Structures are given as structure tokens and as C-alpha cells.
Amino acid sequence: MHKTGSSAIQAGLSEYDDGETFYAPLGRPNQSAALVTAVSAGYRDYHVWRKAGLTAAEIDTRRDQARADIAAALARRDRRRAIFSGEDVSSLPRAEFAALVAWLAEAGPVTLLVYLRDPADYAASALQQIIQGGARHLPRRVTQRMRGVLTAAKATGARLIVRDYRPDSFPQADVVADVCALLDLDRARCGTERPNTRMSATALRLLWQFNCGNPAFQGDPKLLRAHERLKHILRETFANAAPIPLEPFAGLADYDDIGWLRDTHGITYRDRSAGATAEDARRWLDEVPEDATKALAEVLARHDLRAPDGADPVWMLNRIYYLCLSEDHYDPKTRTLRTPRLGIDDLPALRSAALSHNEARPLDRGEARHLLDLALRIRPNGPVLLRTRAAWDRDKG
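Given below as C-alpha cells:
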């Protein structure tokens, strides 16, 4: 299931092979894209491909590759067990989920390991994920569909293990160690590096406000990569800020299945909905963090950019985002922005950024000038760009 340590599990098991059990190589540790694309009738509309702006032909190629990789893993005769992990399979329609399990069962008995999470805790974590994915609208409800998923899993006839995602109850407080204990795997053979995708409260609020004000980060691979770099900068800049609280998200959580879960699987969760509303999350996210302005100004200052007096954090985030538009801008090793080295291929992305930005609100003067500066780095002798800059400078004078 989503938001139950799946990233840590996938990172820990991605290279696992003890001579008997191996982690199926499907291109990346999180196998959601391969598993869903392989069996879903709506695979071309899968959110990963849609956000990346892939063509139908490119998606079809990925589907063919996914099916071939899964088939190859199942066909191995030198190993007894294969491990697959992809939380998005829990969102498949029941018939497609059953078809996936039936395909896996052709190679031998299947065990389904499902982790569940406290509804309010899940809502807070899930909202963080969808905001990091670019959301600028909040759902009315955040649900794990616990009953539906577990009923569908049981109906496949596979062995079913249901676990409460409560890290303090796991061996060494480690979900990977818990998986190893349940499936008789060697924890020493697993990786220990955990992917750092969690955001502080300040970083999440700022990303939400950026998403709402600048939708120019989807539908083009370059824009999507720039958004990823912006998220990394926010994580690093506000790494020591307060964590995300549960209270604002309690009103979005789904508590409908907690009685059924207690009676059928012995897992007990508390209903936290008393006094909470769905609007609590929106009000909390819309608040401008007090610690944001100075820190973002310092990020800009490191690259010889000065925020004008009174500039709000969202203005500064847009400025940083435009710096991230080139692949050469952000160096993950040093965690710094580098001097842009834009090329002619960057022009469509810059144009898309400017036009898409207008859908939310007009570019302000500073943002427009920054896009002009970036365009001039691509075409320093472009006559239209030079005339625009000259007119701009005359007007400023």
C-alpha cells in the first residue's frame, strides 16, 4: 500500500539475491510503473507517463519492455522465489489486480504482503506525496480503501499477510527488517540507504504554494526534472524545520473501514475525526511559513540574484525554479545551483514555462525579466531578445 515504507522496502531489496530469492529487475526499485503498465487497460493514462509527457508510442514501448521483464523474471529456473514491489498495484481495478496475481501464480505460489497505516497518519503522508507530485487541488477524502484492497487480495487465493505499519514495533524499528523476518530473507544482504523524499512542514507548504501559482512543471520532461530539483532544494534548505503535523489532515482521513479491520484482522486504529474538517488542511497549507523568506533569499544570493524588497516566498520560488530549468543548473553532489549553460533545446521549455504560468496568473515584472535573461543565454545575439532587453532597460531608466 502507499505510504507504508514502500520506498524504504524497495531501496533495501532492489539488489537482493541470496541464490534462492531475488528482487525482479524491472528497471527501477519501485516497480509500480512496470507492474501497472503491464496489466492495466488504461496504461497510457498512467500518471507517471502523463506527467512525463510521453507519446503513445513511447508508452507502448515501455509496456512491451515491462511485460518482457516480468516474464523473464518468472521464467528463471535457477531461483526459487522472485520479489515484486509496487504500491500502485493496490489502485488497480479488481479484475486487473486478479489478472496480475494470476500471471504471477503461473510460476508458483504467491504471497501478498500488505502494510496498512493509521488513517490520519496516512492522510498526512499521502497529501505530502501528491503535493510533491504537483497537486494544486486537495481531494475531499484520502482513503486507503483497506476493505476493498484486502477483499480483492483474499479473493485471488494467494497467501495474504496483513501488517500494521508501525515502525516502533518492527525489529530495529526497520520496515525492511520486518519484511525480511516475515519472508525469511537475509537482512544483511539488503541495502541500508533510505531514499530521502520526506519534507518538513515549511518545505511542504512552500511547494504547495508554488504548485498553485505556477503550473509549468508537467507535460514536458525538462519541466518535470526542474520541478524535481526544486523539491530537492526545498528539502535541503528546510531540512531542520518542524515535521508535518497530523492534526490538519485528520478531517481528510477515511475511518469507514476501521471497525471491519479490527474485527477481521485484529488491527485497531482510532477515529480522529471529531472536530476536524476537510478545510483544515487547506488553511494550514496556505499559511506562509515565517522562516521561508530569509532562507529563500539566501539561496538566490548564492547565485548573485537579489530578491526585491517585499518579495514574497512564491516569487522567490519561481525565480529558483527558472534557474532549475536546465539540466546543468543543479548539482546533486554539491547541492548547489550552477551557472546555467542553456542550449537551443531549452527554448521550448522556457516558452512552455512562460505560457503555462500565465494560466494561473500573469508573470510579474521580475519573473518576466528572468525568463528574458535565460533566453539571452541561449541566443545572446537574438535580435528580438536584444530589442526587448533594450526597451526594458529604457523603460526602467
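Numbered per the numbering used here, the sequence shown spans residues 70 to 466.
Every residue gets a Cβ at the ideal spot worked out from N, C-alpha and C, and that includes glycine.
Remember, it's a predicted structure, so these values are computed and weren't measured experimentally.
Give the single residue among Phe239, Leu219, Asp442, Pro290 whose Cα lies nearest to the Cα of Ile230.
-> Here residue 230 is taken as the residue at index 161 of the sequence shown, counted from 1. For Ile230, the closest of Phe239, Leu219, Asp442, Pro290 by C-alpha to C-alpha distance is Leu219.
Leaving out five residues before and five after Ile128 in sequence, what residues of the same chain have Cβ atoms less than 6 Å from its Cβ?
-> Counting from 1 along the sequence shown, the entry for residue 128 is found at position 59. Closer than 6 Å at Cβ, skipping near neighbours: Arg113, Trp118.
Whose C-alpha, out of Tyr390, Gly260, Trp277, Gly226, is nearest the C-alpha of Arg205?
-> On the sequence shown, residue 205 is found 136 positions in, with the first residue counted as 1. With distances taken between Cα atoms, Arg205 lies closest to Trp277.
Which parts of the region 300 to 337 are runs of the alpha helix (DSSP H), unbroken and 4 residues or longer, counting only runs that do not cross its ends?
-> Listed in chain order, the complete alpha helix (DSSP H) runs (minimum 4 residues) inside the region 300 to 337 are 327 to 334.
Quick one: Cα of Leu321 to Cα of Asp147, how far?
-> Counting from 1 along the sequence shown, the entry for residue 321 is found at position 252. Counting from 1 along the sequence shown, the entry for residue 147 is found at position 78. Between the C-alpha atoms of Leu321 and Asp147 there is a straight-line separation of about 48 Å.
Report the option in Ser238, Gly260, Thr306 whose CA atom is closest to the CA atom of Thr271.
-> Residue numbering aside, residue 271 sits at position 202 when the sequence shown is read from its first letter. Closest in C-alpha terms to Thr271, from the list Ser238, Gly260, Thr306, comes Thr306.
Give a yes or no on whether the C-beta atoms belonging to Leu185 and Met215 are separated by under 8 Å.
-> On the sequence shown, position 116 is the one that residue 185 refers to. On the sequence shown, position 146 is the one that residue 215 refers to. Using a Cβ distance threshold of 8 Å, Leu185 and Met215 count as a contacting pair.
Rank Leu441, Arg149, Arg136 by C-alpha distance to the C-alpha of Asp462 and give the top, closest one.
-> Counting from 1 along the sequence shown, the entry for residue 462 is found at position 393. Among Leu441, Arg149, Arg136, the Cα nearest to that of Asp462 belongs to Leu441.
For Arg339, the three-state DSSP class (helix, strand or coil) = Against the sequence shown, residue 339 aligns to sequence position 270. Residue state, collapsed to three classes: coil.
Can you pull the DSSP bridge partners for Tyr391?
-> For the purposes of this step, residue 391 is identified with residue 322 of the sequence shown, where counting begins at 1. Looking at the DSSP output, Tyr391 bridges to nothing.
Jot down the residue ranges of each uninterrupted beta strand (DSSP E) in the region 76 to 139, minimum 3 residues, whole runs only, in chain order.
-> Those beta strand (DSSP E) runs which fall completely within the region 76 to 139 and span 3+ residues are 90 to 92.
Simplified DSSP assignment, three categories, for Arg181 | Residue numbering aside, residue 181 sits at position 112 when the sequence shown is read from its first letter. According to the sequence displayed, residue 181 carries Leu and not Arg. Under the three-state reduction of DSSP output, Leu181 falls in the strand class.
Residues that DSSP places opposite Ala151 in a beta bridge = Within the sequence shown, the letter at position 82 stands for residue 151. Its beta-bridge partners are Phe91.
Every unbroken beta strand (DSSP E) within the region 157 to 181, with a cutoff of 3 residues, ordered by chain | Runs of the beta strand (DSSP E) spanning 3 or more residues and lying entirely within the region 157 to 181 do not occur at all.
Pick out whichever of Ala137, Gln79, Ser76 has its Cα sitting closest to the Cα of Thr106.
-> Counting from one through the sequence shown, the residue named residue 106 turns up at place 37. That would be Ala137, whose Cα lies nearest to the Cα of Thr106.
Would you kindly work out how many angstroms separate the C-alpha atoms of Pro317 and Thr90, rounded to a whole number?
-> Position 248 of the sequence shown, counting from 1, holds the residue named residue 317. Position 21 of the sequence shown, counting from 1, holds the residue named residue 90. Using only the alpha carbons, I get a separation of about 42 Å.
What are the residues that DSSP puts in a beta bridge with Ile230?
-> For the purposes of this step, residue 230 is taken as residue 161 along the sequence shown, with counting starting at 1. Bridge partners of Ile230: Leu182.
Taking Gly282 as the reference, give the member of Leu196, Asp381, Thr212 with the closest Cα.
-> Here residue 282 refers to the residue found at position 213 of the sequence shown. When each option's Cα is compared against that of Gly282, the closest is Asp381.
How many Å lie between Leu392 and Glu356 at the Cα?
-> Here residue 392 is taken as the residue at index 323 of the sequence shown, counted from 1. Here residue 356 is taken as the residue at index 287 of the sequence shown, counted from 1. Leu392 and Glu356 have their C-alpha atoms roughly 25 Å apart.
When you compare each of Ser75, Val158, Ile152, Tyr85 to Ala102 by their alpha carbons, which one comes out closest?
-> As a first step, residue 102 is located in the sequence shown; it is residue number 33 there, counting from the start. Ala102 has its Cα closest to that of Val158, out of Ser75, Val158, Ile152, Tyr85.
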